[in-house]
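Single-structure report; data block below.
Numbering (this note's numbering), first residue to last: 2 to 133.
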């Protein structure tokens, strides 16, 4: 959402309209309802960061960054930075997850192959034992 909002704001669209456009692009109905609550608060004159804080959905770090950007008049830049931060965070977590799943899958595959080999050769060894 913050990436879309940043791009729409950078095009010169007012904040309320930009937030509405961003809400329209969301697939998550719960978040869309929360964004509509933010729009109502903005129309009543509340600040953007204060409106986001009242929804109790968005991370506090992101809200603090947005508050700083709002105060400095660089909201588009800060929203872009928030997007970059959370994209990097997700990428890092996914790489950690995938690098820890690979060894586990290798062990599971090893046990499966070992079981198949054992299931194939055990009858042969038993048969050889009964012949002698």
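Idealized CB from N, CA, C, for every residue including glycine.
| Item | Value |
| --- | --- |
| Burial state of residue 67 (16 or more Cβ within 10 Å) | buried |
| Residue 58, DSSP secondary structure in three states | coil |
| Own chain partners of residue 83 with C-beta closer than 6 Å, once the 5 adjacent residues on each side are dropped | 3, 63 and 66 |
| Continuous alpha helix (DSSP H) assignments of at least 4 residues falling wholly in the segment 20-86 | 30-44, 49-56 and 61-73 |
| contact_flag[the segment 70-81, the segment 5-16] where n(CB pairs < 8 Å) is 3 or more | yes |
| Short Cβ contact (8 Å threshold) for residue 39 with residue 53 | yes |
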